[in-house]
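Student:
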Amino acid sequence: MKIICPDHKGVVEVTGAPYISVKNVLIEDLVIECPVCEDEVMITGRFDYDESGQPSKIKQ
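Just so we're aligned, residue 146 is where the sequence shown starts under the numbering used here, counting upward by one.
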């Protein structure tokens with residue numbers, strides 16, 4: 146699954162069975178390194194793919 150950094154819009158590839166092409170997946174407190182600024186960013190939320198195939202956070 147690819148996740149877009151909410152701060153800088155860098156795309157991060159997240160691997161592992163729980164995240165690959167799963168609709169409506171819940172991610173809690175996942176720390177990633179943003180490829181744009183190289184800072185650590187915490188990702189929390191429910192994610193799905195939009196109509197163009199890009200990962201997007203579901204608004205609650």
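Even for Gly, the Cβ is constructed at its ideal location relative to N, Cα and C.
Helix, strand or coil for K168? Go by DSSP, reduced to three states.
Tutor: As a position in the sequence shown, residue 168 is number 23, starting the count at 1. In this structure, K168 counts as coil in the three-state DSSP scheme.
Student: With a threshold of 6 Å (Cβ to nearest heavy atom), would L175 be considered close to the ligand SAH?
Tutor: The ligand SAH is absent from the structure shown, which contains no ligands of any kind.
Student: In whole angstroms, what separates the C-alpha of K154 from that of E173?
Tutor: Position 9 of the sequence shown holds residue 154. Position 28 of the sequence shown holds residue 173. Near 19 Å, if we compare the C-alpha coordinates of E173 and K154.
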